[in-house]
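Enquirer:
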Amino acid sequence: MTMLERTCKAGGLAVITGLVAASLGCGSNDGKDPPPAASAQPAATASATATATASASSTAAVSQAVLGVPLPPEKVAKLVNPNAQPPYAGPTGTLRGTVRITGDAPPELPVKLPDGACRGQAAATHGKLFRVGQDGALADALVAVTGYQAYVPPAGLAAKLTISGCSFSRRTVVATYGQRIEVSNLDKIETYMPYLDGAPTRAILVAIPRGDAVRLYPQEPGHYLIRDQLPNPHLTADVFVLAYATHDVTGLDGKYEITGIPVGPVEVNAMLPATNKAAGQRIEIKPGDNTLDLSIAFDAKTDLKKDAKDAAKADPKGGAKSPPPSGPKG
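Numbering-wise, this note's numbering puts 320 at position 318 of the sequence shown, and it's gapless, one number per residue.
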């Protein structure tokens, strides 16, 4: 049983709450297979025709799989395009909006920050439970569109992340299964060794100042963390590898933009990994521009107490709070 199958069977990754089934492909974006059409062909002929058609469709799906990772293309195609559909070529819409957070301010995290010139930016990015911009704009929220009946491939081979001022450019990264993660170091002096916690690591990868991007390879859909092998405990980012391509992560202005969405009814969900809180709405995507703003509430007393209970269940001896799930372990 694969990591994806185990996750779906268990009800999904706990941190994604209402977004799990769709985000990991437990509920397929392609919808249910249509009922077979009536045919007057003899059974043997119809069976042979169906087999040939299925084989051709499967071959086409494999050839259309986006591969930025060293994985068999048929493995990727099976998860991102299980019905072997051609890439969607019908009318599409773009969804834009702002995600905001209401309620209490984010508490500070008990994490060691670097000294020197980096400290200010590192504190601003990684020093609190989550980042908030002006007027409650929420950064680092994962926004996903699901529920349409089509295959939409990702736009490129990689999801990209940068490091500057001892800080990640964002604390949530989202990729489509088959894409790799590229981490670029924009600092002039500092060196980092980013790795993907939850994926096998066969070599120490060094992100030198202004050098080539380090490439990280998720092996299955799921939840991972990017960490630094050097002593930078503050330097972490959640990584979600999903079975579809219609997703985005909000910036400090709270804004997101998702293009290429097939027109029709869809489900839109926003989730903040730092609090495990989510909000969603079902809407109709129309050709051209569409707008949807979402709001996530945070109650420090209630939400942090729930996190403490969850940590106690994970560590009944009363140890330190467990980190978010680190992804597939085999």
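C-beta: ideal position from N, C-alpha, C; glycine also.
Below 7 Å CB to CB, which residues in the same chain sit around arginine 182 once its five sequence neighbours on both sides are set aside?
Expert: Closer than 7 Å at Cβ, skipping near neighbours: Gly70, Val71, Leu159, Ala160, Arg217, Leu218 and Tyr219.
Enquirer: So the candidates are Gly224, Met195 and Gln283; which of them puts its Cα closest to the Cα of proline 211?
Expert: When only C-alpha atoms are compared, the closest one is Met195.
Enquirer: For serine 30, which residues of its own chain have a beta-carbon under 7 Å away from its beta-carbon, when the five flanking residues on both sides are left out?
Expert: Low confidence applies to serine 30: its pLDDT is 39, below 50, so where it sits in the model is not reliable enough to give any reading.
Enquirer: Answer with buried or exposed for threonine 178, where buried requires no fewer than 16 other C-beta atoms within 10 angstroms of its C-beta.
Expert: Buried, by the Cβ-count rule.
Enquirer: With DSSP run on the structure shown, which of helix, strand or coil describes glutamate 110?
Expert: Correct three-state label for glutamate 110: strand.
Enquirer: Quick one: what does DSSP say glutamate 222 is sitting in, helix, strand or coil?
Expert: Coil.
Enquirer: Within 10 angstroms of the Cβ of glycine 27, are there 16 or more other Cβ atoms? Answer buried if so, exposed if not.
Expert: Because glycine 27 sits at a pLDDT of 43, beneath the cut-off of 50, its placement in the model cannot be relied upon, and the following sentence gives the value as read from the coordinates. Glycine 27 is buried by the Cβ-count criterion.
Enquirer: Suppose you measure from the CA of arginine 98 to the CA of threonine 277; what does that come to, to the nearest Å?
Expert: If I take the Cα positions, the gap works out to 23 Å.
Enquirer: If we count the other Cβ atoms within 10 Å of its Cβ and call it buried at 16 or more, is threonine 339 buried or exposed?
Expert: Within the shown structure, residues of the chain are numbered from 3 to 332, placing residue 339 beyond reach of any answer.
Enquirer: Does the count of Cβ pairs from the region 266 to 275 and the region 110 to 121 closer than 8 Å reach three?
Expert: These segments do not touch.
Enquirer: Can you name, in chain order, every residue of its own chain whose Cβ lies under 6 Å from the Cβ of alanine 125, other than the five neighbours on each side?
Expert: The answer, listed in chain order, is Leu115.
Enquirer: Any idea if lysine 303 is buried or exposed, counting beta-carbon neighbours within 10 angstroms, 16 or more meaning buried?
Expert: The residue in question, lysine 303, is exposed, as its Cβ has fewer than 16 Cβ neighbours within 10 Å.
Enquirer: Closer than 7 Å, CB to CB, is leucine 244 near chain C or not?
Expert: The chain inventory of the structure shown lacks chain C, comprising one protein chain alone.
Enquirer: I need the straight-line Cα distance from alanine 299 to glycine 105, nearest angstrom please.
Expert: In a straight line, the C-alpha of alanine 299 is about 6 Å away from that of glycine 105.
Enquirer: Buried or exposed for leucine 198, going by 16 or more other Cβ atoms inside 10 Å?
Expert: By the neighbour-count rule (16 or more Cβ atoms within 10 Å), leucine 198 is buried.
Enquirer: Should lysine 80 go down as buried or exposed, given a rule of 16 or more other Cβ atoms within 10 Å for buried?
Expert: Buried.
Enquirer: Just to confirm, is the Cβ distance from valine 185 to isoleucine 263 under 7 Å?
Expert: No, the Cβ-Cβ distance between valine 185 and isoleucine 263 is not below 7 Å.
Enquirer: Where does the unbroken alpha helix (DSSP H) through histidine 249 begin, and where does it stop?
Expert: Element bounds for histidine 249: not the alpha helix (DSSP H) but the beta strand (DSSP E), 249 to 251.
Enquirer: Return the chain-ordered list of same chain residues with a C-beta closer than 8 Å to the C-beta of glycine 129, the five sequence neighbours on each side being excluded.
Expert: Closer than 8 Å at the Cβ level, and outside the excluded window around glycine 129, lie Glu110, Leu111, Val113, Leu115 and His236.
Enquirer: Do you know offhand how far asparagine 292's Cα is from tyrosine 258's?
Expert: Their backbone Cα atoms lie some 12 Å apart in a straight line.
Enquirer: Identify every run of the beta strand (DSSP E) within the region 165 to 239, keeping only runs that are complete inside it and at least 3 residues long; order them along the chain.
Expert: DSSP runs (the beta strand (DSSP E)) wholly in the region 165 to 239: 174 to 178, 182 to 187, 196 to 199, 216 to 218 and 224 to 230.
Enquirer: Using the rule of at least 16 other Cβ atoms within 10 Å of the residue's Cβ for burial, across every protein chain shown, is threonine 203 buried or exposed?
Expert: Label assigned to threonine 203: exposed.
Enquirer: Which residue wins for smallest C-alpha separation from serine 171, given the options Ala67, Val251, Val265 and Tyr90?
Expert: Among Ala67, Val251, Val265 and Tyr90, the Cα nearest to that of serine 171 belongs to Val251.
Enquirer: For the beta strand (DSSP E) that contains arginine 121, what are its first and last residues?
Expert: Careful: arginine 121 lies outside any beta strand (DSSP E), inside the alpha helix (DSSP H) at 121 to 128.
Enquirer: Answer yes or no: do leucine 296 and valine 101 have a C-beta to C-beta separation smaller than 7 Å?
Expert: Yes, Cβ-Cβ distance for leucine 296 and valine 101 is below 7 Å.
Enquirer: Considering proline 264, what are the terminal residues of the beta strand (DSSP E) in which it resides?
Expert: Segment 257 to 264, the beta strand (DSSP E) holding proline 264.
Enquirer: Report the residue from Ala247, Thr193, Val78 and Thr96 whose alpha carbon sits nearest the alpha carbon of threonine 164.
Expert: Closest option to threonine 164, Cα to Cα, is Thr193.
Enquirer: Since proline 267 and valine 243 should fall inside the 8 Å C-beta cutoff, what is the C-beta to C-beta distance between them, to a whole number of angstroms?
Expert: That belief does not hold up - the Cβ atoms of proline 267 and valine 243 are roughly 26 Å apart, past 8 Å.
Enquirer: What is the DSSP secondary structure of glutamine 283, counted as helix, strand or coil?
Expert: DSSP places glutamine 283 in strand when its eight states are reduced to three.
Enquirer: List the endpoints of the continuous alpha helix (DSSP H) containing leucine 81.
Expert: Counting along the chain, the alpha helix (DSSP H) containing leucine 81 begins and ends at 75 to 82.
Enquirer: What did DSSP end up calling alanine 157 once you bin it into helix, strand or coil?
Expert: In the structure shown, alanine 157 sits in coil (DSSP, three-state: anything other than H, G, I, E or B).
Enquirer: Let me know the secondary structure DSSP gives leucine 306 once reduced to three states.
Expert: Correct three-state label for leucine 306: helix.
Enquirer: Can you check DSSP and say which residues form a bridge with asparagine 85?
Expert: Partner(s): none; asparagine 85 has no beta bridge.
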